[in-house]
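Everything on this sheet refers to the single structure shown next.
There are 2 protein chains.
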Amino acid sequence: MVKAYLISTGTELLLGSTLDTNSIFLSRKLAEIGVKVIGKSVVGDNPDSIAMALRMGLAAADMVITTGGLGPTRDDLTKEIACEVAGVDMKLIEAEEERLRDYFQRRHRAMPEINLKQAMFPEQATIITNHFGTAPGMYLPLKNNQVIICLPGPPREAEPMYENYVKDLLIKTYNLTDRRSASRIIRIFGPGESQVEEMLQEVMDQAHNYNLALLASEGEINVRVTAEGKDYNESVVILTKVTEQISQIMGKSVFGYDDDTLSAVVGKLLDNRNRSLAVAESCTGGFLGKMITDIPGSSKYFWGGVITYSNQAKENLLGVRSATLQEYGAVSRETALEMAWGVKRLAGTDIGISITGIAGPEGGSEEKPVGLVYIALVGDNLEQVREMHFVGNRNGIRTLSAKSALDLLRLQLL
Amino acid sequence: MVKAYLISTGTELLLGSTLDTNSIFLSRKLAEIGVKVIGKSVVGDNPDSIAMALRMGLAAADMVITTGGLGPTRDDLTKEIACEVAGVDMKLIEAEEERLRDYFQRRHRAMPEINLKQAMFPEQATIITNHFGTAPGMYLPLKNNQVIICLPGPPREAEPMYENYVKDLLIKTYNLTDRRSASRIIRIFGPGESQVEEMLQEVMDQAHNYNLALLASEGEINVRVTAEGKDYNESVVILTKVTEQISQIMGKSVFGYDDDTLSAVVGKLLDNRNRSLAVAESCTGGFLGKMITDIPGSSKYFWGGVITYSNQAKENLLGVRSATLQEYGAVSRETALEMAWGVKRLAGTDIGISITGIAGPEGGSEEKPVGLVYIALVGDNLEQVREMHFVGNRNGIRTLSAKSALDLLRLQLL
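Top line first, the protein sequences correspond to chains A and B.
Those letters in the first sequence? Residues 1 to 414, by my numbering.
Those letters in the second sequence? Residues 1001 to 1414, by my numbering.
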């Protein structure tokens, strides 16, 4: 197993406000070619710390990949220190100097002399072209088949450099197979995290050439299956088998795979079945409409809707009867139903869906606590209301409300 | 300056799917008491890697704080390795054993014998109570005024343990002042990141007892000012002065501070001025309404609105004339205005606001490219339309559209 150690440099990464997305990207990408990340370090712009992290990485892994510190300023020292640790000298590379001068010329700016250090490299290094900035990267082979790879900090520069150059160099150096492992995310809505975990316990226990990772996010449970066969084809076979097994266990609560979203899946169902939709939202205030229209082309099935945040809007726009509001309240099964029928009538769509609830933090009572939400779904031969009790803060309750409405519609359309 | 090194353990943190939130939390919290994080490491559940990271941390910093690996299983080794590196032995602490047995008893479960290791500690350690799980933490003083601190991995356990115990222990050990530095975020909407950077160049250049960090996020620019005086009071004085300086330079584009959001600021203005609002959304599909109702109590000023995603909805609900749609198109100054007047009339509110545009990726033309958005704002003695050209993907264009509408309203209400 080829091992990698990642180093991210930059004082801003230690302040707790900037996220180190490079190491996340690299971890995923390296896994695809069968390279295992065994550790990572974040260090400030401090020569000693960078050197120590490099030595630590080289002591434990086959390759060390650094990001950041390739700029032209005095603080940018990663390449220099990498060469020091490797015991090699740098010299000015003419082709790189020319590329740099050209870069500035095209932008009608004079090149500051300080930038020249970005054209310095050791002879044995492969220079990695940066198409989106001034800092080239470096692929520096050492003895013992080890490598130090230096990439710039900005993800929009580092990511294409990895994809277009580093990956192939690694595959060649370590005789790797592109994409040995295969992975898929199975997306679930409905059951909670511990319930999914319990239901998948057996699949997890049996795992030897695959692994499962559960991630709960905004009411969805994402199960990432990573299969690790002896080559990519075997991995795909394993992955397919495990995915089927899980999909069978979880049944209809699996709404999609990988990048699928509830909105996209529901949108496709509406489109395929040629059904049109309108929404009436109270506590979600437009969030359901926003989710539906996240999908390009949603105008094919989405008429629009109304945000009836006030009782007055419920009455005037949707024709909810004031008697209903008085007798049962705005948050009730009855109001939800009248809202859904109201918007369906107003829009002339096949389906109307409504949400009314108490998102909090204020406005709850013993009888109607924060988190109580009614969702109604109506259409020809269809009338359904669901009473939900969500736990969470205002944002969580609103997110779950909108997603539950989508999921209710999905289950209805299936 | 007291220095800290952070170690997060857990193989899942190396896969690129689970975020290491503990180190982000600790970085922020330590900064508040004047402790500087000089580096951090993420390591798998591997004894050698954990030991190496601990040694590296102790070589460079005054304290090493680990999170994760305090559970009962064989993989949970952090505490054991910390003691090994420190050269101290552990023994069973009776009080802790009792607490553990009690924990299980209250949950009507037998304690697995494997959990006993969670009651093992060195004599010289201070045990940190975990009120939300079985794993206690450890505060282990070493020679040379160094400390190793071990906390559990789940943030809901580690965070209160830091807040309630570790912080005070650190203040005592290192004679720190609680909250020496003072910081504030200045929130800006309108100008771009490089424009803000240019405008604040002088303030940045003058910085010696404060620093500025710019973070662009969803069209907003957040400037975090951190002032570092000799004590908290001096820091506050510096902070106030720098904040005033920046606010003066940036003028009305500063919409708030710290946790302020555009929605909250606009909501407060509407509430104070006793004005009511209704929205008509096309390309944002409910996103503006969602943002407005992110704020609890928004029903005081927000009537609701309409999502007129289809032309039919624009005509039927808002009375946009089909001649207007035919002559100028749905994405036009004229349609935006009729939408805004339409929803104001429908709702009977003081103000009507509308958004219509092309969010992409499809639907653009040479004349009306993706990113073209019209925002109209109408009321008594008020009629305003803005043509905007946003760059970005669908989500970015929609976010900027909704936020720009809020900002236009904010500037109008000021």
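All residues carry an ideal CB built from backbone N, CA and C; glycine is no exception.
In this text the structure is predicted, and so the values were computed from the model without any measurement.
What span of residues does the alpha helix (DSSP H) with R55 of chain A cover, start to end?
Reading the first sequence from its first residue, position 55 is the one you call residue 55 of chain A. Element bounds for R55 of chain A: P47 to A60.
Could you tell me which of A:L54, A:C283, A:R187 and A:D20 sits nearest to N81 of chain A, measuring between CA atoms?
Reading the first sequence from its first residue, position 81 is the one you call residue 81 of chain A. In the sequence under discussion, the amino acid at residue 81 of chain A is Ile, which differs from the Asn named in the question. With distances taken between Cα atoms, I81 of chain A lies closest to A:L54.
Give me the residue from B:I1128, B:G1044 and B:P1136 with the minimum Cα distance to I1072 of chain B.
Position 72 of the second sequence, counting from 1, holds the residue named residue 1072 of chain B. Strictly speaking, residue 1072 of chain B in this sequence is Pro, with Ile absent from that position. Checking every option, the nearest Cα to that of P1072 of chain B belongs to B:P1136.
Does the segment 1293–1306 of chain B come close enough to the segment 1376–1383 of chain B to have 3 or more Cβ pairs within less than 8 angstroms?
Here the segment 1293–1306 of chain B does not lie against the segment 1376–1383 of chain B, with fewer than 3 beta-carbon pairs under 8 angstroms apart.
Using only CA atoms, which one of B:N1144, B:A1280 and B:S1282 lies nearest to L1058 of chain B?
By 1-based counting over the second sequence, the position of residue 1058 of chain B is 58. The option with the nearest alpha carbon to L1058 of chain B is B:N1144.
Check the Cβ of F1287 of chain B against every Cβ in chain A and list those closer than 7 angstroms, keeping chain order.
As a working note, residue 1287 of chain B is residue 287 in the second sequence. Within 7 angstroms Cβ-Cβ: G286 and K290.
Listed from N- to C-terminal order along the chain, which residues in the segment 1342–1363 of chain B have their beta-carbon within a distance smaller than 9 angstroms of any beta-carbon of chain A?
L1346, A1347, G1348, A1359, G1360, P1361, E1362 and G1363
Cβ-Cβ distance between E1157 of chain B and F1132 of chain B below 8 angstroms:
To locate residue 1157 of chain B, count along the second sequence from 1; it is residue 157. To locate residue 1132 of chain B, count along the second sequence from 1; it is residue 132. Yes.
Measuring straight from C-alpha to C-alpha, what distance separates W341 of chain A and T1261 of chain B?
Walking along the first sequence from the start, residue 341 of chain A turns up at place 341. Walking along the second sequence from the start, residue 1261 of chain B turns up at place 261. So the alpha carbons of these two residues sit roughly 35 angstroms apart.
Which of the three DSSP states, helix, strand or coil, is assigned to I1007 of chain B?
In the second sequence, the residue the question calls residue 1007 of chain B occupies position 7. Three-state DSSP puts I1007 of chain B in a strand.
Using C-beta distances below 8 angstroms, list every residue in its chain close to R1101 of chain B, excluding the 5 sequence neighbours before and after it, in chain order.
Residue 1101 of chain B sits at position 101 when you count from the first residue of the second sequence. Correct list, in chain order: M1111.
For C283 of chain A, three-class secondary structure by DSSP
By one-based count along the first sequence, residue 283 of chain A stands at place 283. Coil, per DSSP.
Using a beta-carbon distance cut-off of less than 8 angstroms, what residues from the segment 1092–1124 of chain B approach chain A?
none
Give me the DSSP bridge partner(s) of Y1232 of chain B.
Counting from 1 along the second sequence, the entry for residue 1232 of chain B is found at position 232. Per DSSP, none; premise fails for Y1232 of chain B.
Measure the CB-CB distance between I148 of chain A and A86 of chain A and report whether it falls below 8 angstroms.
Working through the first sequence from its first residue, we reach residue 148 of chain A at position 148. Working through the first sequence from its first residue, we reach residue 86 of chain A at position 86. Yes; because the gap between Cβ atoms is below 8 angstroms, this pair is in contact.
Alpha helix (DSSP H) runs wholly inside the segment 1063–1150 of chain B, at least 4 long, in chain order:
1078–1086 and 1094–1106
For the candidate residues A:A313, A:G285, A:P361 and A:E218, whose alpha-carbon lies nearest to that of K403 of chain A?
Looking up residue 403 of chain A in the first sequence gives position 403. Out of A:A313, A:G285, A:P361 and A:E218, A:E218 has the C-alpha closest to the C-alpha of K403 of chain A.
Taking DSSP as the reference, what is the three-state secondary structure of G1348 of chain B?
For the purposes of this step, residue 1348 of chain B is taken as residue 348 along the second sequence, with counting starting at 1. Coil, per DSSP.
Cβ pair count under 8 angstroms reaching 3, the segment 1283–1302 of chain B against the segment 1389–1406 of chain B
yes
Measure from the C-beta of G297 of chain A to each C-beta in chain B and report whether the shortest distance is under 8 angstroms.
Stepping through the first sequence from its first residue, residue 297 of chain A is reached at position 297. Yes, its Cβ sits closer than 8 angstroms to a Cβ of chain B.
Contact set for R1394 of chain B: own chain, Cβ-Cβ below 8 angstroms, skip 5 residues either direction:
Taking the second sequence and counting its residues from 1, one reaches residue 1394 of chain B at position 394. Correct list, in chain order: A1359, G1360 and P1361.
Just to confirm before moving on: does the CB-CB distance between L14 of chain A and K1040 of chain B stay below 8 angstroms?
In the first sequence, counting from the first residue as 1, residue 14 of chain A sits at position 14. In the second sequence, counting from the first residue as 1, residue 1040 of chain B sits at position 40. Taking 8 angstroms as the Cβ cut-off, L14 of chain A and K1040 of chain B qualify as a contacting pair.
For the segment 215–239 of chain A, which residues have a CB atom closer than 7 angstroms to at least one CB atom of chain B, in sequence order?
L215 and R224
So which residues of chain B does L269 of chain A contact, with C-beta pairs closer than 8 angstroms?
By one-based count along the first sequence, residue 269 of chain A stands at place 269. Going along chain B, no residue has its Cβ under 8 angstroms from L269 of chain A, so there is no contact; the nearest lies around 18 angstroms.
Would a check of beta-carbon distances place R156 of chain A closer than 8 angstroms to chain B?
On the first sequence, position 156 is the one that residue 156 of chain A refers to. No, no contact with chain B.
Smallest Cα separation from T11 of chain A: which of B:Q1312, B:V1088, B:I1171 and B:N1211?
Here the question's residue 11 of chain A lines up with position 11 in the first sequence. The candidate whose alpha carbon is nearest that of T11 of chain A is B:N1211.
Within 8 angstroms, strictly: CB atoms of P191 of chain A and I171 of chain A
Residue 191 of chain A sits at position 191 when you count from the first residue of the first sequence. Residue 171 of chain A sits at position 171 when you count from the first residue of the first sequence. Taking 8 angstroms as the Cβ cut-off, P191 of chain A and I171 of chain A do not qualify as a contacting pair.
At which residues does the alpha helix (DSSP H) containing V1265 of chain B begin and terminate?
Translated into the one-based positions of the second sequence, residue 1265 of chain B becomes position 265. Residue range L1262 to N1272 is occupied by the alpha helix (DSSP H) that includes V1265 of chain B.
From the DSSP output, which residues share a beta bridge with I1185 of chain B?
In the second sequence, counting from the first residue as 1, residue 1185 of chain B sits at position 185. Bridge partners of I1185 of chain B: B:R1224.
L337 of chain A to L269 of chain A span [Cα, whole Å]:
Taking the first residue of the first sequence as position 1, residue 337 of chain A is located at position 337. Taking the first residue of the first sequence as position 1, residue 269 of chain A is located at position 269. Going by the C-alpha atoms only, they are around 23 angstroms apart.
Check whether the Cβ of Q1312 of chain B lies closer than 8 angstroms to any Cβ atom in chain A.
Here residue 1312 of chain B refers to the residue found at position 312 of the second sequence. Yes - at least one Cβ of chain A is within 8 angstroms of the one on Q1312 of chain B.
Touch check for the segment 223–237 of chain A and the segment 174–183 of chain A: three-plus C-beta pairs under 8 angstroms?
yes
Where the beta strand (DSSP E) through F1302 of chain B begins and ends
Numbered from its first residue, the second sequence carries residue 1302 of chain B at position 302. Per DSSP, F1302 of chain B belongs to the beta strand (DSSP E) from F1302 to I1307.
Just confirm the distance between the C-beta atoms of E334 of chain A and T324 of chain A, as a whole number of angstroms; I'd bet it's less than 8 angstroms.
The residue given as residue 334 of chain A occupies position 334 in the first sequence. The residue given as residue 324 of chain A occupies position 324 in the first sequence. E334 of chain A to T324 of chain A, Cβ: 5 angstroms. Contact.
Quick one: residues in its chain with C-beta nearer than 6 angstroms to the C-beta of V1003 of chain B, no 5 flanking neighbours on either side, listed in chain order?
To locate residue 1003 of chain B, count along the second sequence from 1; it is residue 3. Reading off the sequence, residue 1003 of chain B comes out as Lys, not Val. Once the five neighbours on either side are set aside, the close Cβ partners of K1003 of chain B are K1036, I1038, A1061 and D1062.
Kindly identify the DSSP beta-bridge partner or partners of Y1257 of chain B.
For the purposes of this step, residue 1257 of chain B is identified with residue 257 of the second sequence, where counting begins at 1. B:I1186, per the DSSP bridge assignment.
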